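Numbered by my numbering, the letters in the sequence shown go through residues 1 to 320 in order. Backbone N, C-alpha and C fix where the C-beta goes; we use that ideal spot for every residue, glycine too. No experiment lies behind these values; they were computed from the predicted model shown.
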Amino acid sequence: MLSAPDALWVLLGALIADAVIGDPDPVWRRLPHPVVWLGRLVALGDTKLNRENWSRSRRKAAGIAWLTLLLGTAIGAGWLIETALRALPFGPVWVALAASLLIAQRSLYDHVARVRDAPGLEAARQAVSMIVGRETSRLDEAGISRAAIESAAENFSDGIVAPAFWFAIGGLPGLVAYKAVNTADSMIGHLSQRHRDFGWASARLDDLLNLVPARLSALLIAFAAPLAGGSVGRSLRTAWRDAGTHRSPNAGWPEAAMASALGLALSGPRLYAAGPVEAPFLCPEGRRDARLADIGRGLRVMAGACLLQGIAIAALAWAL
């Protein structure tokens, strides 16, 4: 394992590499992205072990066993890759580049920016459908804008802060393990008839792994709130007040902080393929008529929060 200061400097390099390079499409059109491999492993377990003729308790036990195997595989693969890369000349640079593949600063920014820049509502609906799970075909401008901003806030935590946090804790093994659990949660960690038991362990472990990163994300977003005309203190107070009303124990923190930063009411009732979801608004005193221009303000806050995270990591590495 890298020492704590070295791991933080490598992490900072990974964040810079991801911000500059991102996920180049020409590469991933030819090669499967690491998350694709993780997704295939999750799908394999779902196909082989999530059997409809099994009892609920047996399916839950199978989900726990499969998650344990998935975690062991992810940690082992991360350790082997990090060990091999560190043996190369300029080893820490290669580790940083490998870690950057599992951090989503640039890709998240680009996907959300496509919604903002879409030439018309139909194109915006298509763009936002790529980053949210809700039904988008009937969304108006306000619904599209809220969906894009909520996705930016939630995925800032899941796709940027949490991967960085777990790399700082456990290097590449910690990062790959986190991405394995997060991928499993996104695929099988929901309350559908098929997955409520088999995906139970993945959903609960993902909640646990995101407890600290989600709250750090809210803190970073709050301190970047002035970039969109918001207030640091008000954003923090709103996150503290409203996060617990969200159906997720974690997503409400960055979303509430972002809502206050932009002066918008986010979350609220929305429609998914499985049916409507009734939920309270975060920052209910904010505007409900979000506009596409508000997406750009949200991206400024997110970019500022990414910069603050990098500064904090550099300062901690220097102090250690």
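- The way I'd put it, the stretch 302 to 318 doesn't touch the stretch 128 to 141; fewer than three beta-carbon pairs between them come closer than 8 Å.
- Within the DSSP secondary-structure output, F281 pairs in a beta bridge with S267.
- Around D110, the same chain offers G22 as residues with beta carbons nearer than 8 Å, after the five sequence neighbours per side are excluded.
- Distances from the alpha-carbon of A164 to those of L85, R300 and L15 put L15 closest.
- The C-alpha of E135 lies about 16 Å from the C-alpha of A279.
- Around the CB of W253, 16 or more other CB atoms lie within 10 Å, so the residue is classed as buried.
- Going by C-alpha positions, P249 is about 37 Å away from P26.
- Under DSSP, R287 forms a beta bridge with L264.
- For V36 and I160, the gap between their C-alpha atoms comes out near 18 Å.
- In the three-state reduction of the DSSP assignment, R134 falls in the strand class, which pools E and B.
- One Cα belongs to A7, the other to I169, and the distance between them is close to 9 Å.
- Of the residues F198, W318 and R234, the one whose Cα lies closest to the Cα of R58 is F198.
- Residue environment for T47: exposed (fewer than 16 other C-beta atoms within 10 angstroms of its C-beta).
- For H111, the enclosing alpha helix (DSSP H) begins and ends at Q105 to R116.
- By the C-beta density criterion, S100 is buried, having at least 16 other C-beta atoms within 10 angstroms.
- Annotation for P284: A265 place their beta carbon closer than 7 Å to its own, counting only its chain and skipping 5 residues before and after.
- In the DSSP assignment, Q126 falls within the alpha helix (DSSP H) that extends over L121 to V128.
- By the C-beta density criterion, A124 is buried, having at least 16 other C-beta atoms within 10 angstroms.
- Here Q105 is buried: its Cβ has 16 or more other Cβ atoms, across all protein chains shown, within 10 Å.
- DSSP places W318 in the helix class (H, G or I) of the three-state scheme.
- In the displayed model, N155 falls within a helix according to three-state DSSP.
- Under the three-state reduction of DSSP output, E82 falls in the helix class.
- With a threshold of 16 other beta carbon atoms within 10 Å, G229 falls short and is exposed.
- In the three-state reduction of the DSSP assignment, P34 falls in the helix class, which pools H, G and I.
- Fewer than three Cβ pairs drawn from the stretch 217 to 235 and the stretch 135 to 151 lie within less than 8 Å of each other, which leaves the two stretches out of contact.
- For E150, the secondary structure class from DSSP, reduced to helix, strand or coil, is helix.
- A Cβ-Cβ contact shorter than 8 Å links V115 with I144.
- Residue state for N182 is assigned as helix, using DSSP reduced to three classes.
- Ranked by Cα distance from E154, the first of L191, D117 and D207 is D207.
- Counting C-beta atoms within 10 angstroms of its own C-beta, W9 has 16 or more neighbours from the protein chains shown and is therefore classed as buried.
- In this chain, the alpha helix (DSSP H) harbouring F223 covers L211 to A224.
- For T238, the enclosing alpha helix (DSSP H) begins and ends at V232 to D242.
- A straight-line Cα-Cα distance of about 24 Å links A184 and L97.
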